[in-house]
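Chemist:
So this is what it looks like as structure tokens:
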């Protein structure tokens, strides 16, 4: 039992990552509200940042500055990759929200079931 | 074509292939006049095929891949763009389809899109093109993800520009599904990066061998493979992950549909082939894991169930969209069989399907331009009013069925040979049987178009303008030309397949 707890404690950020990933995906699938779906999608994308950053960050490590007084560096590459991924995430979220605004204008609602009730063929 | 001199630009063609459309997109953003925006987009999209053909010809001649180091940083430290037989071929298909639809686009876009959104349309079109070319040319796994998202985001906007309010819902649905797919891909790449410490495709392939031996790392590699394959199958709309596709194709503007049907899923297929064969090696991914069997079953399900959906559809664009899902099934089938003939057939079908399906969607685009609808009830009897357009539609449809003498037959022939080589005789039967279903759905719409009394809308129609007929007939001509002279498609595809299979460990 202790052994499992130790594994959990040593890898707790991975468990958080997986929890965020699954809950994000669950919200996308289970919710009928278009905005809540986007929240879930955003959560799902954000969990990936943690997945990349967890192995890259070394506790006590600094930025990779080439100087004699620093010995321990974090890997900068995953950090840079995630900057790009954050930009992608922001773009996706804003485009999604813009689409929801247009959907609200066209259908008068952001609830999936109400939209399909008004326009059965759209499903 | 190779006589064309690029001068000092020649060594930089790989990066220019991406930069030119992105700059074009930037320029069109500032042009409020839609004619000027169209002109810029036309110029850009006509330049690109010359570049890709130059690259492809060079690669085929030397047999060596062209590697372009961005900022002169060597792989694996920097990002490289790499053109080999496979990527050169897919790049050429995408660039040619992108070019051939542009003359068609002006009238169609003018008719279907609001005045103030037209420049944006061309801007998004060029961004999408840049993204698709980028996916194919890059040799870096994360760079491929960024381009995947560039093309996807542009695609969502293109779809949402459709007239019908359902276009918005279709775009939203695709945004959700597409983002999940791309995120799955990036999760897989992240796991691979943790195991190997590199993102370069070639470097990854070299380091995976060592990683697979270690049981702990092997789990991570297998998980990564699962995430990547599922994510990419979402993007390429493999059954049953295709639900976003029919509505997206049905309600997008006509030109956008024609472009996306020919190119968007093809770039995702390329990425799947690249990852499965060049990075993991087919042996690892298709034999030690049941991925090959799963994909074969799903492909066959796509060939049948999507074709049957197409038979009962009453919206012509949706019918063709379902047919696209079925045709993607043929392509993934050959990839999963993973022998020389299977890969050749699949890769040849990438080009053949792109040509035929773009022709079919362009013909419907011309109909939509004239009567504003593609429902069976409205297009009934329109063959009598638009004989040239509808003759092209019928001929491209004949190609799609896989009739001997057309491009569609060639790729299916190779797929059947591949199945025989592997002793999968039931698959041969299923390929033929599913082709018969495509005879039914093409036959049904042909009956509607030619043999029914013209509907009220169709009676008012006139023949499509020349700027629409020329691209349409060019593609139809290619459908038949590539049914006889297969050097361009099968020849190149066979070279690419050989290189891919050589790389397999």
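Protein chains in written order, with the working numbering: chain S, 10 to 132; chain G, 647 to 1151.
Using N, Cα and C, we set each Cβ at its ideal position, and we do this for glycine too.
All of these numbers come straight from a predicted model, not from anything done at the bench.
(1) Would you list the residues sitting across from residue 120(S) in a DSSP beta bridge?
(2) So what does DSSP say about residue 664(G), is it helix, strand or coil?
(3) May I ask you to list the residues that DSSP assigns as paired with residue 1021(G)?
(4) What are the boundary residues of the beta strand (DSSP E) that includes residue 714(G)?
(5) Using CA coordinates, which residue listed in 1035(G), 1038(G), 1130(G), 908(G) is at the minimum distance from residue 739(G)?
(6) Assuming residue 1141(G) contacts residue 706(G) under a Cβ cut-off of 8 Å, what Cβ separation, rounded to an integer in Å, is found between them?
(7) To the nearest angstrom, how far is it from the Cα of residue 1081(G) to the Cα of residue 892(G)?
(8) Nearest to residue 51(S) by CA position, among 118(S), 128(S), 104(S), 127(S), is which residue?
(9) What residues in the segment 870 to 897 of chain G have a beta carbon less than 7 Å from any beta carbon of chain S?
(10) What is the C-beta distance between residue 1013(G) and residue 1028(G), in whole angstroms, given that I count them as a contact (C-beta under 8 Å)?
(11) Could you compute how far the alpha carbon of residue 1123(G) sits from the alpha carbon of residue 1035(G)?
(12) If I follow the unbroken alpha helix (DSSP H) through residue 1144(G), where does it start and stop?
(13) Residue 792(G) versus chain S: which residues are under 8 Å apart at the beta carbon?
(14) Please go through the segment 874 to 921 of chain G and give each complete alpha helix (DSSP H) segment of 4 or more residues, from N-terminal end onward.
(15) What are the residues of the segment 837 to 864 of chain G that lie near chain S, defined by any Cβ-Cβ distance shorter than 9 Å?
(16) Look up residue 22(S) in the DSSP assignment and give the residues it is bridged to.
(17) Would you call the segment 962 to 977 of chain G in contact with the segment 869 to 887 of chain G, where contact means no fewer than 3 C-beta pairs closer than 8 Å?
(18) Look up residue 726(G) in the DSSP assignment and give the residues it is bridged to.
(19) Once DSSP output is grouped into helix, strand and coil, what is the label at residue 648(G)?
(20) Could you name the residues of chain G that residue 111(S) contacts, counting a contact when the two beta carbons are closer than 8 Å?
(21) Grouping DSSP H, G and I as helix and E and B as strand, with all else coil, what is residue 950(G)?
(22) Taking DSSP as the reference, what is the three-state secondary structure of residue 1151(G)?
(23) Alpha carbon to alpha carbon, what distance is there between residue 1084(G) and residue 957(G)?
(24) Starting from residue 105(S), find everything on chain G with Cβ-Cβ shorter than 9 Å and list it in chain order.
(25) Would you call residue 655(G) buried or exposed, if buried means 16 or more other Cβ atoms sit within 10 Å of its Cβ?
(26) When burial is assigned at 16 or more other CB atoms within 10 Å of the CB, is residue 1108(G) buried or exposed?
(27) For residue 794(G), which residues of its own chain have a beta-carbon under 6 Å away from its beta-carbon, when the five flanking residues on both sides are left out?
(28) I need the boundaries of the alpha helix (DSSP H) containing residue 686(G), first residue and last residue.
(29) Straight-line CA distance for residue 686(G) to residue 752(G)?
(30) Do residue 867(G) and residue 962(G) have their beta-carbon atoms positioned less than 8 Å apart in this structure?
(31) For a quick check, are the C-beta atoms of residue 714(G) and residue 726(G) less than 8 Å apart?
(32) For residue 831(G) versus residue 820(G), is the C-beta distance shorter than 8 Å?
(33) With a cut-off of 8 Å on the beta carbons, I'd call residue 87(S) and residue 108(S) a contact; round off their distance for me.
(34) What first and last residue would you give for the alpha helix (DSSP H) that runs through residue 925(G)?
(35) For residue 829(G), go through chain S and note every residue whose CB falls closer than 8 Å to its CB, in chain order.
(36) Rounding to the nearest angstrom, what Cα-Cα distance links residue 1115(G) and residue 749(G) in this structure?
Modeler: Once the coordinates are examined:
(1) On the first chain, residue 120(S) is found 111 positions in, with the first residue counted as 1. Answer by DSSP bridge pairing, in chain order: 42(S).
(2) Start at 1 with the first residue of the second chain, and residue 664(G) comes out as number 18. The three-state secondary structure of residue 664(G), taken from DSSP, is helix.
(3) Within the second chain, numbered from 1, the residue matching residue 1021(G) stands at position 375. According to DSSP, residue 1021(G) bridges with 961(G).
(4) Locating residue 714(G) in the second chain gives position 68, counting from the first residue. From DSSP, the beta strand (DSSP E) with residue 714(G) extends over 712 to 715.
(5) Within the second chain, residue 739(G) is the residue found at index 93, counting from 1. Closest option to residue 739(G), Cα to Cα, is 908(G).
(6) Numbered from its first residue, the second chain carries residue 1141(G) at position 495. Numbered from its first residue, the second chain carries residue 706(G) at position 60. With a Cβ gap of about 6 Å, residue 1141(G) and residue 706(G) count as contacting.
(7) In the second chain, counting from the first residue as 1, residue 1081(G) sits at position 435. In the second chain, counting from the first residue as 1, residue 892(G) sits at position 246. The straight-line gap from Cα to Cα measures roughly 20 Å.
(8) Residue numbering aside, residue 51(S) sits at position 42 when the first chain is read from its first letter. The candidate whose alpha carbon is nearest that of residue 51(S) is 104(S).
(9) none
(10) Residue 1013(G) sits at position 367 when you count from the first residue of the second chain. Residue 1028(G) sits at position 382 when you count from the first residue of the second chain. Confirmed, about 6 Å.
(11) Taking the second chain and counting its residues from 1, the one referred to as residue 1123(G) is at position 477. Taking the second chain and counting its residues from 1, the one referred to as residue 1035(G) is at position 389. Roughly 13 Å separates the two Cα atoms.
(12) Looking up residue 1144(G) in the second chain gives position 498. It spans 1138 to 1148 - the alpha helix (DSSP H) in which residue 1144(G) sits, taken as one unbroken run.
(13) Here residue 792(G) is taken as the residue at index 146 of the second chain, counted from 1. Chain S residues near residue 792(G): 93, 97.
(14) 890 to 897, 900 to 919
(15) Listed in chain order, the positions of the segment 837 to 864 of chain G with a beta carbon within less than 9 Å of a beta carbon of chain S are 837, 839, 840, 843, 845.
(16) The residue given as residue 22(S) occupies position 13 in the first chain. Answer by DSSP bridge pairing: none, since residue 22(S) is not bridged.
(17) yes
(18) On the second chain, position 80 is the one that residue 726(G) refers to. In DSSP, residue 726(G) forms a bridge with 715(G).
(19) In the second chain, the residue the question calls residue 648(G) occupies position 2. With a pLDDT of only 48 at residue 648(G), under 50, the local geometry of the prediction cannot be trusted, and no value is derived from it.
(20) For the purposes of this step, residue 111(S) is taken as residue 102 along the first chain, with counting starting at 1. Near residue 111(S) (Cβ distances below 8 Å), the residues of chain G are 806, 814.
(21) Position 304 of the second chain holds residue 950(G). Residue state, collapsed to three classes: helix.
(22) The residue labelled residue 1151(G) in the question sits at position 505 within the second chain. With a pLDDT of only 47 at residue 1151(G), under 50, the local geometry of the prediction cannot be trusted, and no value is derived from it.
(23) For this step, residue 957(G) is matched to residue 311 along the second chain. For this step, residue 1084(G) is matched to residue 438 along the second chain. Cα-Cα distance, rounded: 8 Å.
(24) Here residue 105(S) refers to the residue found at position 96 of the first chain. Under the 9 Å cutoff, chain G gives 802, 818, 821, 822, 825.
(25) Position 9 of the second chain, counted from the start, is the residue given in the question as residue 655(G). Exposed is the call here.
(26) Counted from its first residue, the second chain places residue 1108(G) at position 462. Classification for residue 1108(G): exposed.
(27) As a working note, residue 794(G) is residue 148 in the second chain. Around residue 794(G): 781, 828.
(28) Along the second chain, one-based indexing puts residue 686(G) at 40. Looking at the DSSP string, the run of the alpha helix (DSSP H) that includes residue 686(G) is 680 to 708.
(29) Looking up residue 686(G) in the second chain gives position 40. Looking up residue 752(G) in the second chain gives position 106. Straight-line Cα distance between these residues: approximately 12 Å.
(30) Your numbering for residue 962(G) matches position 316 in the second chain. Your numbering for residue 867(G) matches position 221 in the second chain. It is not a contact, given that the beta carbons lie outside the stated cut-off.
(31) Looking up residue 714(G) in the second chain gives position 68. Looking up residue 726(G) in the second chain gives position 80. A contact, by the Cβ cut-off of 8 Å.
(32) By one-based count along the second chain, residue 831(G) stands at place 185. By one-based count along the second chain, residue 820(G) stands at place 174. No, Cβ-Cβ distance for residue 831(G) and residue 820(G) is not below 8 Å.
(33) As a position in the first chain, residue 87(S) is number 78, starting the count at 1. As a position in the first chain, residue 108(S) is number 99, starting the count at 1. No, residue 87(S) and residue 108(S) are not in contact; Cβ-Cβ is about 31 Å, not under 8 Å.
(34) As a first step, residue 925(G) is located in the second chain; it is residue number 279 there, counting from the start. Taken as a continuous stretch (DSSP letters only), residue 925(G) belongs to no alpha helix (DSSP H), as it is neither H nor E.
(35) For the purposes of this step, residue 829(G) is identified with residue 183 of the second chain, where counting begins at 1. Result: 53, 54, 57.
(36) Within the second chain, the letter at position 469 stands for residue 1115(G). Within the second chain, the letter at position 103 stands for residue 749(G). If you take the alpha carbons of residue 1115(G) and residue 749(G), they lie about 10 Å apart.
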